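Protein chains in written order, with this note's numbering: chain H, 4 to 249; chain G, 32 to 455.
1. Could you give the uninterrupted runs of the alpha helix (DSSP H) lying entirely in the region 51-95 of chain H, keeping only those of 4 residues or more?
2. Give the residues of chain H in contact with residue 107 (chain G), contact being defined as C-beta atoms less than 8 angstroms apart.
3. What are the residues in the region 126-145 of chain G lying within 8 angstroms of chain H by C-beta distance?
4. What residues in the region 103-137 of chain H bring their beta carbon closer than 7 angstroms to a beta carbon of chain G?
5. From the beta carbon of residue 249 (chain H), is the nearest beta carbon of chain G less than 8 angstroms away?
6. Using 8 angstroms as the threshold, is the C-beta distance between residue 188 (chain G) and residue 81 (chain G) below it?
7. If you follow the beta strand (DSSP E) that residue 29 (chain H) is part of, which residue opens it and which one closes it?
8. Out of G:360, G:364 and G:302, state which residue places its alpha-carbon closest to the alpha-carbon of residue 97 (chain G).
9. Would you say residue 167 (chain G) reaches chain H, if we count a Cβ-Cβ gap shorter than 8 angstroms as a contact?
10. Along the region 91-103 of chain H, what residues have a CB closer than 8 angstroms to any CB found in chain G?
11. What does a CB cutoff of less than 6 angstroms around residue 311 (chain G) pick up in its chain, not counting 5 residues either side in sequence?
12. Using a Cβ-Cβ cut-off of less than 9 angstroms, list which residues of the region 47-73 of chain H approach chain G; keep chain order.
13. Residue 60 (chain H) and residue 41 (chain H) look like a contact to me (Cβ under 8 angstroms); what is the Cβ gap, rounded to whole Å?
14. When you compare only the Cα positions, how much space is there between residue 205 (chain H) and residue 57 (chain H)?
15. In or out: residue 55 (chain G) buried (at least 16 other Cβ within 10 Å) or exposed?
16. Beta-carbon of residue 213 (chain G) versus every beta-carbon of chain H: anything under 8 angstroms?
17. Nearest-angstrom Cα distance between residue 394 (chain G) and residue 77 (chain H)?
18. Please compile the residues from chain H whose C-beta is within a distance smaller than 9 angstroms of the C-beta of residue 291 (chain G).
19. Taking the continuous alpha helix (DSSP H) assigned at residue 425 (chain G), which residues delimit it?
20. Any chance you could list the alpha helix (DSSP H) runs of at least 4 consecutive residues sitting entirely within the region 137-172 of chain H, in chain order?
21. Alpha carbon to alpha carbon, what distance is there between residue 44 (chain H) and residue 136 (chain H)?
22. Under DSSP, the beta strand (DSSP E) around residue 217 (chain G) begins and ends at which residues?
23. Between residue 63 (chain G) and residue 381 (chain G), how many whole angstroms is the CB-CB distance? I'm expecting something under 8 angstroms.
24. Let's see if you can read the secondary structure: which residues bound the alpha helix (DSSP H) around residue 365 (chain G)?
25. So, with DSSP's three-state summary, where would you put residue 241 (chain G)?
26. Rounded to whole angstroms, how far is the Cβ of residue 107 (chain G) from the Cβ of residue 90 (chain G), which I believe are closer than 8 angstroms?
27. Cα separation between residue 144 (chain G) and residue 251 (chain G)?
28. If residue 153 (chain H) and residue 169 (chain H) are in contact, beta carbons under 8 angstroms, what's the gap, nearest whole angstrom?
29. What are the residues of the region 217-231 of chain G that lie near chain H, defined by any Cβ-Cβ distance shorter than 7 angstroms?
30. My understanding is that residue 27 (chain H) touches residue 140 (chain H), with C-beta atoms under 8 angstroms, so please give their C-beta distance in whole angstroms.
31. Using a beta-carbon distance below 8 angstroms, is residue 247 (chain G) in contact with chain H?
32. I'd like to confirm the pairing. Which residues does DSSP put opposite residue 129 (chain G) in its beta bridges?
33. Going by DSSP, what residues sit across from residue 48 (chain H) in a beta bridge?
34. Is it true that the CB of residue 35 (chain H) sits closer than 8 angstroms to the CB of residue 126 (chain H)?
35. Could you give the C-beta distance for residue 233 (chain H) and residue 88 (chain H), rounded to a whole number, given that I count them as a contact under 8 angstroms?
36. Give the straight-line distance between the Cα atoms of residue 220 (chain G) and residue 101 (chain H), rounded to the nearest whole angstrom.
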């Protein structure tokens, strides 16, 4: 009887919490609604803070679904004209200085792009959470002034880069404000912070993401979206090898 | 008396020729053995120095912490200014910039698509400056198997084995895919000017040698160098001198709080070379002690036998009234003359052979074929100041001591028994 009296308040609190907490899948669906699109095009700036200096790269990217992506570097001069094409799990890089198209496959896709804290997959993929992860809401915390659900994601797709994710999802805008990305072993690989959340065509979207590769010494990489368009018509030839040398 | 003894030695060849030949041979072997051992161990150390460690190496402390990974993102910036300072402060050393890098060699087919790829270890050295001694230092001309040394920017050398594996020949273009100093993707085309073979698996498996400026351009390392190596102008590692340079340099440039300041380390602080140096010094000492002891015993024995063989002669000389001390002294003088003549001859012959081996060396490439550490295929002898006296001293004194011991018997001879001995 004494035990029942002691545990009763906790049981009531747990029931109240679960009644208020939305389903993990529902949160993922709402995140996907904001973050994913059939296709998109954006101009971005990547500020890479290494332990010695900072560098800025500018690029324009077109993506279609989860599989196809094309990026052209605009700045600095050394990288100008460098193009990357990703079709499914194959990546080609065109280097204008050598006039060579090089193929990068497999684990190379997980290498850092241009010395940043982002991998080719981070940069070029538009992964829908619902297609790859199961989710559980494990709590509620504040990130800055924003109330967030803490969401723990476990991949059911063995091919996905990050086998575990922990997200702090804004309760109102349904956008992650903070992420921790884990390997299958449980090793923390990356941390991201998403900010400058802007409403674009009825969806909330972060225009600034700070990536920190936890296995590197650098100070992180700021990925800033300067201009973005969702669900536009992108001609098929953009996602072909012919576009690399154009 | 010396003239008299010399005449005796020249006229009685039994007393001179054989002992001189034995002494000369022993001394010659000691000289050759010492110079060969010193040379072989020195060659291994110098080979490492020329390719990897230098006699001293300057780099950032951050680079030093991860040196095996060739972290060019932690390279010395403002390398040109640092080179100027080093040349002014330590003009008695040759200073060179080096860039080590790893990457993928991508060989295109006729359509420019990847035909084959292979992992490479690259080395950027000053190949094109007219005053550069890097070509000689790395013995590149002698190591050429096909083609020529790079003569213009964009040309590269590749290990012969690696080029055969990739199926490329002189004049073909290949692409280096690597990582720049800022960890960007580095893609750079080179034309193969020639192939080299060093006879060392570690270098022949997948080496690419390019000009320093090309490496800088490919890896976005303007005015940067992973390492600055210093070489004693004499060509050999001098521990005391380099120690002074290191102390002076570090007190001037090294800040323990700043991982991007510049520090300097010695050859012995790299790749376990310290242990190797200590081990080789001890090994040379031990082998020489064993060898010289064995040779001394032989020469001592020769002196002893020489003395005993003349037992009858000494008896005769004593019987006709010669003083025991005089007989003993003449014997010692004779032995000394034989020792000096034999040793001078031995040093001369030994030096001739050692000089030849120092200049030409012996190619032991077949034995080194599977060596995975940096070790040369051609070994040379090395003549040092020690080589001049290492054989001479035992050559003179071993026979002398043997003779001195044999001569003690002179004092035990009884005059009364001498006549009986002579009659017998």
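In this text, a Cβ means the ideal position worked out from N, Cα and C, and glycines have one as well. A quick note: this is a predicted structure, and the numbers were derived from the prediction, not measured.
The short version:
1. DSSP runs (the alpha helix (DSSP H)) wholly in the region 51-95 of chain H: none.
2. Contact of residue 107 (chain G) with chain H by beta-carbon distance below 8 angstroms is absent, the smallest such distance being about 11 angstroms.
3. Residues 137, 139, 143, 144 and 145.
4. Residues 103, 104, 105, 106, 115, 117 and 118.
5. So, not an interface residue.
6. No, the pair does not count as a contact, with Cβ atoms beyond the cut-off.
7. DSSP places residue 29 (chain H) outside any beta strand (DSSP E); the residue lies instead in the alpha helix (DSSP H), whose first and last residues are 27-38.
8. Measuring from the Cα of residue 97 (chain G), the nearest candidate turns out to be G:302.
9. Cβ-Cβ to chain H under 8 angstroms: no for residue 167 (chain G).
10. Residues 96, 98, 100, 101, 102 and 103.
11. Excluding the 5 residues flanking it on each side, residue 311 (chain G) has same chain C-beta neighbours closer than 6 angstroms at 72, in chain order.
12. The region 47-73 of chain H vs chain G, Cβ under 9 angstroms: 51, 53, 54, 55, 56, 58 and 60.
13. Your pair residue 60 (chain H) and residue 41 (chain H) does not check out as a contact, with CB atoms roughly 27 angstroms apart and the cut at 8 angstroms.
14. Their Cα atoms are separated by approximately 34 angstroms.
15. Residue 55 (chain G) is buried by the Cβ-count criterion.
16. Taking Cβ atoms only, chain H reaches closer than 8 angstroms to residue 213 (chain G), which makes this a yes.
17. Residue 394 (chain G) and residue 77 (chain H) have their alpha carbons spaced roughly 55 angstroms apart.
18. In chain order: 54 and 55.
19. Counting along the chain, the alpha helix (DSSP H) containing residue 425 (chain G) begins and ends at 423-438.
20. The region 137-172 of chain H contains no whole alpha helix (DSSP H) run of 4 or more residues.
21. Rounded to whole angstroms, the separation of the alpha carbons of residue 44 (chain H) and residue 136 (chain H) is 25 angstroms.
22. Element bounds for residue 217 (chain G): 216-227.
23. Between residue 381 (chain G) and residue 63 (chain G) the Cβ distance is about 5 angstroms, and since that is below 8 angstroms, they are a contact.
24. First-last of the alpha helix (DSSP H) with residue 365 (chain G): 355-391.
25. Residue state, collapsed to three classes: strand.
26. Contact flag correct, Cβ pair sits at about 6 angstroms.
27. So the alpha carbons of these two residues sit roughly 25 angstroms apart.
28. Residue 153 (chain H) to residue 169 (chain H), Cβ: 7 angstroms. Contact.
29. So the list reads 218, 219 and 220, given in the order they occur along the chain.
30. Right, their Cβ atoms sit about 5 angstroms apart.
31. Not one chain H Cβ lies under 8 angstroms of residue 247 (chain G).
32. Answer by DSSP bridge pairing, in chain order: G:258.
33. According to DSSP, residue 48 (chain H) shares a beta bridge with H:61 and H:227.
34. The beta carbons of residue 126 (chain H) and residue 35 (chain H) sit no closer together than 8 angstroms.
35. Incorrect: roughly 21 angstroms between the Cβ atoms, too far for contact.
36. A straight line joining the alpha-carbon of residue 220 (chain G) with that of residue 101 (chain H) spans about 6 angstroms.
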